[in-house]
Structure formats: C-alpha cells, structure tokens
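Colleague:
2 protein chains.
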Amino acid sequence: MRDFSSDHRWLSINTATVRRQRGVDWPLLEIIDACAARGIRAVSPWRDQVAAAGLQATMQSLRAHGIELSGYCRGGMFTYADAAGRQAARDDNRRALDEACLLGAPCLVLVVGGLPGALEGRAAHRDLASARAQVTDGIAALLDDARERHMPLAIEPLHPMYAADRACINTLRQALDVCDLLDPPGSGALGVAVDVYHVWWDPELAQQIERAGRNRLLALHVCDWLTPTTDLLNDRGMMGDGVIELRKIRAWVEAQGYAGYSEVEIFSANNWWQRDGGEVLDTCIERHRRCV
Amino acid sequence: MRDFSSDHRWLSINTATVRRQRGVDWPLLEIIDACAARGIRAVSPWRDQVAAAGLQATMQSLRAHGIELSGYCRGGMFTYADAAGRQAARDDNRRALDEACLLGAPCLVLVVGGLPGALEGRAAHRDLASARAQVTDGIAALLDDARERHMPLAIEPLHPMYAADRACINTLRQALDVCDLLDPPGSGALGVAVDVYHVWWDPELAQQIERAGRNRLLALHVCDWLTPTTDLLNDRGMMGDGVIELRKIRAWVEAQGYAGYSEVEIFSANNWWQRDGGEVLDTCIERHRRCV
Chain A
195 MRDFSSDHRW
205 LSINTATVRR
215 QRGVDWPLLE
225 IIDACAARGI
235 RAVSPWRDQV
245 AAAGLQATMQ
255 SLRAHGIELS
265 GYCRGGMFTY
275 ADAAGRQAAR
285 DDNRRALDEA
295 CLLGAPCLVL
305 VVGGLPGALE
315 GRAAHRDLAS
325 ARAQVTDGIA
335 ALLDDARERH
345 MPLAIEPLHP
355 MYAADRACIN
365 TLRQALDVCD
375 LLDPPGSGAL
385 GVAVDVYHVW
395 WDPELAQQIE
405 RAGRNRLLAL
415 HVCDWLTPTT
425 DLLNDRGMMG
435 DGVIELRKIR
445 AWVEAQGYAG
455 YSEVEIFSAN
465 NWWQRDGGEV
475 LDTCIERHRR
485 CV
Chain B
195 MRDFSSDHRW
205 LSINTATVRR
215 QRGVDWPLLE
225 IIDACAARGI
235 RAVSPWRDQV
245 AAAGLQATMQ
255 SLRAHGIELS
265 GYCRGGMFTY
275 ADAAGRQAAR
285 DDNRRALDEA
295 CLLGAPCLVL
305 VVGGLPGALE
315 GRAAHRDLAS
325 ARAQVTDGIA
335 ALLDDARERH
345 MPLAIEPLHP
355 MYAADRACIN
365 TLRQALDVCD
375 LLDPPGSGAL
385 GVAVDVYHVW
395 WDPELAQQIE
405 RAGRNRLLAL
415 HVCDWLTPTT
425 DLLNDRGMMG
435 DGVIELRKIR
445 AWVEAQGYAG
455 YSEVEIFSAN
465 NWWQRDGGEV
475 LDTCIERHRR
485 CV
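The listed protein sequences correspond, in order, to chains A and B. Each residue of the first sequence is one higher than the one before, starting from 195 at the first, in this note's numbering. Each residue of the second sequence is one higher than the one before, starting from 195 at the first, in this note's numbering.
(1) By the 10 Å Cβ neighbour count, where 16 or more other Cβ atoms means buried, how is residue 418 of chain B classified, buried or exposed?
(2) Answer yes or no: do residue 208 of chain B and residue 459 of chain B have a C-beta to C-beta separation smaller than 7 Å?
(3) For residue 215 of chain A, which residues does DSSP report across the bridge?
(4) Verify the CB distance criterion: does residue 208 of chain B have a CB-CB separation below 7 Å to chain A?
(5) Who are the neighbours of residue 225 of chain B on chain A, taking C-beta pairs under 9 Å?
(6) Measuring alpha carbon to alpha carbon, tell me which residue in B:376, B:425 and B:323 is nearest residue 363 of chain B.
(7) Please compile the residues from chain B whose C-beta is within a distance smaller than 8 Å of the C-beta of residue 333 of chain A.
(8) Going straight from the alpha carbon of residue 306 of chain B to that of residue 278 of chain B, what length do you get?
(9) Which two residues bound the contiguous beta strand (DSSP E) that contains residue 339 of chain B?
(10) I'd like to know if residue 498 of chain A contacts chain B, where contact means its C-beta is closer than 7 Å to some C-beta of that chain.
(11) Counting only beta-carbon atoms, is residue 421 of chain A nearer than 7 Å to chain B?
(12) By the 10 Å Cβ neighbour count, where 16 or more other Cβ atoms means buried, how is residue 379 of chain A classified, buried or exposed?
(13) With 7 Å as the threshold, decide whether the Cβ of residue 230 of chain B is near any Cβ in chain A.
(14) Excluding the 5 residues preceding and the 5 following residue 294 of chain A in the sequence, name in chain order all residues of the same chain whose CB lies nearer than 6 Å to its CB.
(15) Going by Cα to Cα distance, which pick from A:428, A:256 and A:446 is closest to residue 213 of chain A?
(16) DSSP state of residue 412 of chain B, grouped into three classes?
(17) What three-state label does DSSP hand residue 466 of chain B in the structure shown?
(18) Suppose contacts are defined by Cβ-Cβ distances below 7 Å. Is residue 397 of chain B in contact with residue 250 of chain A by that definition?
(19) Do the stretch 268-283 of chain B and the stretch 339-358 of chain A meet, that is, are 3 or more Cβ pairs less than 8 Å apart?
(20) How about residue 385 of chain B and residue 366 of chain B: do their beta carbons lie closer than 7 Å?
(21) So, using beta-carbon positions, are residue 420 of chain B and residue 485 of chain B closer together than 7 Å?
(22) From residue 423 of chain B to residue 333 of chain A, what distance separates their C-alpha atoms?
(23) Using a Cβ-Cβ cutoff of less than 6 Å, which residues in the same chain neighbour residue 244 of chain B once the five nearest sequence positions on both sides are dropped?
(24) Taking residue 276 of chain A as the reference, give the member of A:311, A:263 and A:290 with the closest Cα.
(25) What do you reckon, are the CB atoms on residue 471 of chain B and residue 240 of chain B nearer than 7 Å?
(26) Using a beta-carbon distance cut-off of less than 7 Å, what residues from the stretch 295-320 of chain A approach chain B?
(27) Check whether the Cβ atoms of residue 223 of chain B and residue 199 of chain B sit closer than 7 Å, and answer yes or no.
(28) Which residues in chain A sit within 9 Å of residue 375 of chain B, going by Cβ to Cβ distance?
(29) Quick check on residue 368 of chain A - is its C-beta less than 7 Å from some C-beta in chain B?
(30) Tell me the residue span of the beta strand (DSSP E) that contains residue 270 of chain A.
(31) Quick test of your reading: residue 336 of chain B and residue 287 of chain B, contact by CB under 8 Å. State the CB separation rounded to the nearest angstrom.
(32) Looking only at its own chain, which residues have a Cβ that is under 7 Å from the Cβ of residue 376 of chain A, when we skip the five neighbours before and after it?
(33) May I ask you to list the residues that DSSP assigns as paired with residue 508 of chain A?
(34) Could you list which residues in chain B have their beta carbon closer than 8 Å to that of residue 439 of chain A, in chain order?
(35) Alpha carbons only, please: which of B:318, B:308, B:342 and B:315 is nearest the one belonging to residue 149 of chain B?
(36) Cβ of residue 447 of chain A within 7 Å of Cβ of residue 414 of chain A?
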C-alpha cells in the first residue's frame, strides 16, 4: 500500500469540490491554477465547468501546468421515457467521450441515471428493472463508441439513496455484473469508479473490489460520511470528519494493483462550499496525507 | 395475491405514523380508539408510546377493541462501546421481549444499531465489521431468550443511508445470512421484517425474498419513496406518492406464503405529521386499497 503521509503526489481534486465558493462560481481555469500552485498533479473536472471555461482553454491550461486528469465527470444518464430521450442521451454521451479524449482523461465516469424524470420530481414510471435494462443497453451502445476512441468507461455505482433519481446501479456487484455481461474478458474498456461515499456501507465491498481486479478498477474517489448527514446530496464530509474507513478501503483497492490517483470529491453546501477555495484545497492536501 | 382493493382487513398502522400531529403527541390509547373506529384490525406500537400509555392499559385497550399487533417496535441496538453498554442492551432487549409477549405481538422487530455512539454524532470507532459482529452476537444471545418466550425476532434491514448510525444490517441478503447462521433450519424463531422503504432499491430483492421463504418473512412494512426526498429520516411518503413498486413487492412476499398484515409506517415531519391524525388514518385506508 502506498504511503500518502509525506506528500500528495497521488491526490486529485474533483473540481466540484470547489466549484462555487460562498455563492460565487470559481472558474475552472482558476481552480487549475490554484491546484498547480499547490503541487496538485491531477484534477477531475465536470463537463459544465469545462464548457464554461472553454474546451481549448482548459486543455491549454492543463498542459501548461502539466496537470493530468484522474477522470472526466461525467457521462451516463442512460434512462429515458421515449426514443427522442434515448437519442439525446446517446449523442450527449458521444460528445462527453470526445471531450474526455481531447482532455486526455484516463476514463469517462458514468452516472447511469435513475427512473426517467425522477430527478425533476416527475418520474415517468416506477419500473426500476426496466430502467436498469435501459442502462445496460445504453452502456453497451456507448461501449462501441468508447472502444473506437480508446476511452475506458467507468461505471460509478451510486449510493442506494440515489436509486430513484440519479443512478439505478447501486452496488459494485451490480456494476460488475454489467461489466461481466458487456466485456467478459475484462479488457479494461469497461470498469468501475469506486467512490467510498457510495459503497462504504456494503457488506460485500472487499469481496467485490477483489472481484473487480486491476483491469476494472478505474478510479477511486474519497470523501467522508458525516453523522448526522443533513442532506442527501450536498452534505459530504472532508476525509477524517466522518466514519468511512478510508485507509482500509484504499488498501483493498491497491491490493488489486490500483496505482492511480485518489480523487477528492466533496459536495458540501453548508461547510466546504462556504469557505475560501484555497483553504479547501489546503485542507484536502492535509487530510489526504493524514486520513487517506 | 390477496385483493386489498375492496376492504382494509390486512392494513395495520405502525403508530409512529401518527405519533405526534401538529406538534402534539397523540396518545397511544387515542390512536387505538381511532383505528378501531375505522375498522383497522391491527397496529404496531412503539415502546415509548406503550410506556407513556401504560403497558396494562394498552393491553386492555387492544383487547377491548379486538385489535391485534402486527409487530412490536422495537428491540435491537446491539452495538456497544464497552461491556456496560452490552449488558444494558441485553437487559433492555429482554424487557422488550417481555412487553411483546404481554401485548401478544407476532414478532419483535429488531433495528440492530450502527457504529456505537454514531447516532449521537460521536462514533466510538469506524470499524463497521466489528459492529456487525456485535450485532450477530447480540442477536444470538437474544435468540435464546426469545425462544424461551416463543417470541420470533424479525431483523429489519435498514436502508444503507442508516448504516452509520441506526443499523449496520442493510440488505435482506445480509439479514438472511445472519438467519442462516443462527437458525439454520429456519424454525420461524428468527426472520426478517421487509420494509419497502429500506429495500425497494435492491437489485436482489426478488431473489432474497424468495430465499427468505415463508418461515422467515415475519412482517411487511409499506410507505413510499419520494422524489425528491428532503430528509434522511423523516420524509417518507404515503403509498402512491412515490416511486416504490408496492404491488410488485407485495406479490413477491405473498408468493412465499406471507399472509399477514401490511403495516403502514410513515415518518413525515413536514407533511403527514402536520395533519389531523384521523385524516392520516383515512388516507392510509384509501391508499392501502388503491396503491398497496
């Protein structure tokens, strides 16, 4: 297991962690500058942040600073209520793939979608099994495009509390079942993103990480689970402030040969998003050394 | 599958559903009267409500109205930080068993506990596996007491969002693994309470309900999952207002031979707890016929 205590060379910042501080958007190019100034070697930006900054400008900034991507957030949202929705999702996911390629991402992270319309509070139906079937079909189709572009797809199982509205793939077992179905040999074209926030509770976690193995472990996201948690979406904790056994989970992932970045992704409306972005980045570095 | 559409003979009311309306506790004996007046044949009371009403008075009221229990809420909280905590939990669970016996409950529902101290925001440690081991040990010990009293224990897996602070048994698979370990023949002394709110998302739900079989399916709780859900604990929906496939899940449970009550348990700080209790009960009856 790698020693993270004396430097932060394996720290990546998911840029949602500092996307909007004290009510003001922090522009992506400034976030990248601030990461570079702290010796942070990787980021994982969100598509809307890249769009606001400009794809070319983002590429140039990353290159100028020598900053890598640990992933690109995000593709997915494969569930749809009609054929037009299906086509729109397909087209949008192809654009996400192209952007991921241009930015040199190691993988496109997939948040697969829940019941169509549920995120807007108007679920088109309640048939979770059919939504899951749409997700499998959607990943299958996108996998063709992804293979052409040599861009791995990382299915991110989301916590079961998001099953209705954000992602109906909710456990590593389920994500790996899809991998087994669509890429039986484990070519590396399809794998998983392990976000501790979503999977820490799973009694099968160690076993499923082992099942994933090196070829399917494409990303590791860290933050913490607070007690109490006051919001389903935007009350994630800084590493060390909650109850997740971060080091134990990282050990399981690294035991499979994972040697990539550990990406901090914190949505925190009332705490970390209310602080100066530089302070948040400094805290990420300190906690990454001490708690991850 | 039973037809619930023309009467509500299989409706039970978990009394937390109407425990405190518009900021005022609704006394248990009045809740029982209100249920009886509506032809509701069963309730599942909470221990604190019974304690406030008096155990004898509760028994007499239930008998006078001919109202049964569909379960008794609740035992459990098996995790502890020290030996004194362990003994206190053991003693309290024995009292819960005795109360369940006096009230003629068909089972004592177990919410097993999370990391010790986490519910108070001060987790004693992060070792989820050790908490789970304590739970198994605690159930094993209580099972001896329960067998003596002929009172079945129903492990209620809670949604993974409660893994830290309320229950570290989070899936039916996990609960049934404990049943297999402690009561291999499936004697009926140990089983599960299936609350749709906690398990609806589980891709293995149908399979695990089948695995449970008739002897281990001790209770069925219904409510609904709202989109959005605004609070982790107290924003459950009335049946029909959310995305849970209630009829499908009930069909799976009944296909195993379950023929008991369907118990409505809704914690709803900002909606149903803000209404007149009688209105809530009337709505439960109507929705139970139409949506369950």
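From the three backbone atoms N, C-alpha and C, an ideal C-beta is built for every residue, glycine too.
Modeller: According to the structure data:
(1) buried
(2) yes
(3) A:218
(4) no
(5) None at all; the shortest Cβ gap to chain A is about 28 Å.
(6) B:323
(7) Per Cβ cutoff of 8 Å: no residues; residue 333 of chain A is ~15 Å from chain B at best.
(8) 17 Å
(9) Here residue 339 of chain B belongs to no beta strand (DSSP E); instead the alpha helix (DSSP H) covers 322-343.
(10) Past the boundaries of the shown model lies residue 498 of chain A; chain A is included only from 195 to 486, so the question cannot be answered.
(11) yes
(12) exposed
(13) no
(14) 266, 302 and 345
(15) A:428
(16) strand
(17) helix
(18) no
(19) no
(20) no
(21) no
(22) 27 Å
(23) 252
(24) A:311
(25) no
(26) 309, 312, 315, 317 and 320
(27) no
(28) What residue 375 of chain B touches in chain A: nothing, since even the nearest Cβ is about 13 Å away.
(29) yes
(30) 266-270
(31) 5 Å
(32) 333, 334, 337 and 384
(33) Outside the displayed range of chain A (195 to 486) lies residue 508 of chain A, so it cannot be described from this structure.
(34) 320, 321 and 322
(35) Chain B is shown from 195 up to 486; residue 149 of chain B falls before or after that span and cannot be answered.
(36) yes
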